[in-house]
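Chemist:
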Amino acid sequence: MKLQKKLFKNKDNANRKKQQSKITLKLRRDENERIDNVLGCVNICSLFNR
Numbered sequence: 001m002k003l004q005k006k007l008f009k010n011k012d013n014a015n016r017k018k019q020q021s022k023i024t025l026k027l028r029r030d031e032n033e034r035i036d037n038v039l040g041c042v043n044i045c046s047l048f049n050r
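The numbering of the sequence shown is the UniProt record's numbering, which starts it at 1 and goes up by one.
1. Return the chain-ordered list of same chain residues with a C-beta closer than 7 Å to the C-beta of residue 14, the five sequence neighbours on each side being excluded.
2. Rounded to whole angstroms, what's the CA-CA distance from residue 38 to residue 6? Just pull it up for me.
3. Any idea what DSSP makes of residue 50, helix, strand or coil?
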């Protein structure tokens, strides 16, 4: 019984870690998109200001 509980706990931790990494990946992707958008705006603005 103890072993089963431990296995279940390990699986739960693995799932939690997986979820966490999914979230951080998504946040990182959002951050990169935001940076790309800002850089795109800067490029467009510099084109108009020439």
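Here a beta-carbon is modelled for each residue, glycine too, at the ideal position from N, C-alpha and C. Small disclaimer: the values here were computed from a predicted structure and weren't measured.
Modeler: With the structure as the only source:
1. Exclusion of the five residues before and after residue 14 leaves no residue of its chain whose Cβ lies closer than 7 Å to its Cβ.
2. Answer to the nearest angstrom: the Cα atoms are 48 Å apart.
3. Residue 50 falls in the coil class under three-state DSSP.
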